[in-house]
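A short write-up of the structure that comes next.
Number of protein chains: 2
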Amino acid sequence: MRITHEADYAIRLVYALMTDPLPPVPASRLSEQAGLTIRFALKILRKLSQAGIVTAQKGATGGYALAVAPEELTLGHVIECIDGPIRLNHCLADDYICSRVTDKSGCRFHQVFDQLNAKLKQELYRIDFSNFQND
Amino acid sequence: MRITHEADYAIRLVYALMTDPLPPVPASRLSEQAGLTIRFALKILRKLSQAGIVTAQKGATGGYALAVAPEELTLGHVIECIDGPIRLNHCLADDYICSRVTDKSGCRFHQVFDQLNAKLKQELYRIDFSNFQND
DNA sequence: AGGAGGTGGCTATTATGCGCATCACACACG
DNA sequence: CGTGTGTGATGCGCATAATAGCCACCTCCT
Numbered sequence: 035m036r037i038t039h040e041a042d043y044a045i046r047l048v049y050a051l052m053t054d055p056l057p058p059v060p061a062s063r064l065s066e067q068a069g070l071t072i073r074f075a076l077k078i079l080r081k082l083s084q085a086g087i088v089t090a091q092k093g094a095t096g097g098y099a100l101a102v103a104p105e106e107l108t109l110g111h112v113i114e115c116i117d118g119p120i121r122l123n124h125c126l127a128d129d130y131i132c133s134r135v136t137d138k139s140g141c142r143f144h145q146v147f148d149q150l151n152a153k154l155k156q157e158l159y160r161i162d163f164s165n166f167q168n169d
Numbered sequence: 035m036r037i038t039h040e041a042d043y044a045i046r047l048v049y050a051l052m053t054d055p056l057p058p059v060p061a062s063r064l065s066e067q068a069g070l071t072i073r074f075a076l077k078i079l080r081k082l083s084q085a086g087i088v089t090a091q092k093g094a095t096g097g098y099a100l101a102v103a104p105e106e107l108t109l110g111h112v113i114e115c116i117d118g119p120i121r122l123n124h125c126l127a128d129d130y131i132c133s134r135v136t137d138k139s140g141c142r143f144h145q146v147f148d149q150l151n152a153k154l155k156q157e158l159y160r161i162d163f164s165n166f167q168n169d
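Here the protein sequences come in this chain order: A and B. Okay, so the first sequence: first residue is 35 according to our numbering, each after it adds one. Okay, so the second sequence: first residue is 35 according to our numbering, each after it adds one.
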């Protein structure tokens, strides 16, 4: 029922990236801002890069930059990029076979969790990073 | 971002308890209904018992019974009883000290997660077991 | 050449799922 | 009234997986 530390760090890294006046920002500066080791930051930034959320520039003057506008980027994007799909219950996974299933829409509990999950997801995808721009 | 298997099982156990026509129900029958081993079921039932959600009766004709009416018991009760407090982010814990804190209400991210968390909790405490009574 | 990120693997810690052994209790039956 | 049997209570322990974080080496750009 919790996002991982990694996802939390990812959010901080995106925030640090967004508020930095001089992109591209090297991982060292980002990790300092976000308060984690550079090694771990690199791992997280790689995931963000693969997901197309940030761009990475190698080389002497390289670093990271946001690939999408803050108002286009939501908490949901970042969290699912790091933690994988948001699922309140494991029974919401695609390949889960419920022993209590009665019809194709699954058991009543499944349906309830499915609805709740959709709501949570919707909320997370509603909160974009422009909300945090002036903090 | 997921409830544990244990909490999921707990929900199934409560459901089995609720739909059983002859309380008190021994753990053996409940575990069979809910599809888990009796040992694990006992551990979960103990937690439910300590939380006052079910009553346990020792002895030859003993077993478990619901201590509260189904319409008074919600998914939130059962989940928090097993998994502990619902927290979308670890920074919502009471003893967490945020490095980014700016005032007593915490950083902007904290505030957002706090609100989301409250919403989720509210939803989970809105869904009581009478919804599942006739399934 | 040197400073940047990319990749994969590695370790330590914690959470999770579940089992085992033993004790405590309540009823039933002799 | 005592003892046996079936029930739950308790605590220990372990196997597996997830998580958090680190390291070494490679690639790429300037």
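Backbone N, C-alpha and C define an ideal beta-carbon position, used for all residues, glycine too.
Rounded C-alpha distance that separates Asn-123(A) from Phe-143(A): 10 angstroms
Going by C-alpha distance, which of Thr-71(B), His-39(B), Ile-113(B), Tyr-98(B) is nearest Met-52(B)? Tyr-98(B)
Here's the rule I'm using: 16 or more other beta-carbon atoms within 10 Å means buried, otherwise exposed. How should Ile-170(A) be labelled? No answer is possible for residue 170(A): the residues shown for chain A start at 35 and end at 169.
C-beta contact flag for Arg-121(B) and Met-35(A) at 8 angstroms: yes
Leu-100(B) in three-state terms, based on DSSP: strand
Considering Ala-75(B), what are the terminal residues of the beta strand (DSSP E) in which it resides? No beta strand (DSSP E) contains Ala-75(B), which is instead part of the alpha helix (DSSP H) from 72 to 84.
Taking the DSSP output, what are the residues bridged to Thr-95(A)? The partner list for Thr-95(A) (beta bridge, DSSP) is empty, contrary to what the question assumes.
Thr-53(A) by DSSP, collapsed to three states: which one? helix
Taking 8 angstroms as the CB-CB limit, is Glu-40(A) close to chain B? no
Helix, strand or coil at Asp-129(A) [DSSP, three-state]: coil
Against Ser-133(A), what residues of chain B qualify as contacts under a CB-to-CB distance less than 7 angstroms, listed in chain order? Gly-69
Have a look at Phe-166(B) and Gln-167(A) and give me their C-alpha separation to the nearest angstrom. 45 angstroms
Going by Cα to Cα distance, which pick from Pro-104(B), Val-59(B), Val-112(B) is closest to Ala-44(B)? Val-112(B)
Beta-carbon contacts of Leu-79(B) that lie in its chain and below 8 angstroms, excluding the five residues immediately before and after: Leu-47, Ala-61, Leu-64, Val-88, Ala-90, Tyr-98
Is the CB of Glu-66(B) under 8 angstroms away from at least one CB in chain A? no
8 angstroms Cβ cutoff met for Thr-108(A) and Tyr-49(A): no
Taking only beta-carbon atoms, is Ile-78(B) less than 8 angstroms away from chain A? no
Check the Cβ of Lys-153(A) against every Cβ in chain B and list those closer than 9 angstroms, keeping chain order. Lys-153, Leu-154, Glu-157
Check whether chain B comes within 8 angstroms of Ile-87(A), counting only Cβ atoms and requiring the distance to be less than that. no
Quick one: using the 10 Å Cβ neighbour count with 16 as the cut-off for buried, is Asp-42(B) buried or exposed? buried
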